[in-house]
Amino acid sequence: MSDQTSRAAYANQVQISGSPYDFTIDFACVEDVRNNTASVQPVARIMMSPQHTKVLALMLLKHVAAYEHAIGVIELPSALLNDMKLGNLEHFISQVNLNE
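So for the sequence shown, this note's numbering puts the first residue at 1; every next one is plus one.
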């Protein structure tokens, strides 16, 4: 990518929706949390085919596994994983073969 076509952005919130034809991934930045209200600034909307979305998910999983192998486990609150119905996430990451 050239500097003219890309720019760096930070997002600390993501929302994912899908249809039979594509997935939409909305990135946002939650800022200035005061009095139980927050300012949410949209960062980017990415639309991908189901096939590209699955490849992205697998690539992210492999990169997280490599990071944890080199640096250490990224700790997440169990309540968060339970709320997201991702209680077995650690099992999936531990199964990633980094040699492939």
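A virtual CB, placed ideally from N, CA and C, is assigned to each residue, including glycine.
One thing to note: residue 87 has its Cβ within 8 Å of the Cβ of residue 81. 8 Å or more divides the Cβ of residue 41 from the Cβ of residue 26.
Going by DSSP, residue 59 is part of the alpha helix (DSSP H) stretching over 50 to 70.
DSSP places residue 83 inside the alpha helix (DSSP H), whose first and last residues are 78 to 83.
A contact between stretches requires three or more CB pairs, one per stretch, nearer than 8 Å, and the segment 32 to 46 fails this requirement with the segment 64 to 80. Short of 8 Å from the beta carbon of residue 18, and not among the five residues preceding or following it, lie these beta carbons of its own chain, in chain order: 24, 50, 53. Residue 64 and residue 93 have their C-alpha atoms some 7 Å from each other.
In the three-state DSSP reduction, residue 94 falls in the helix class (H, G or I). Contact between residue 58 and residue 48 does not hold, since the beta-carbon distance rounds to 13 Å and is not under 8 Å.
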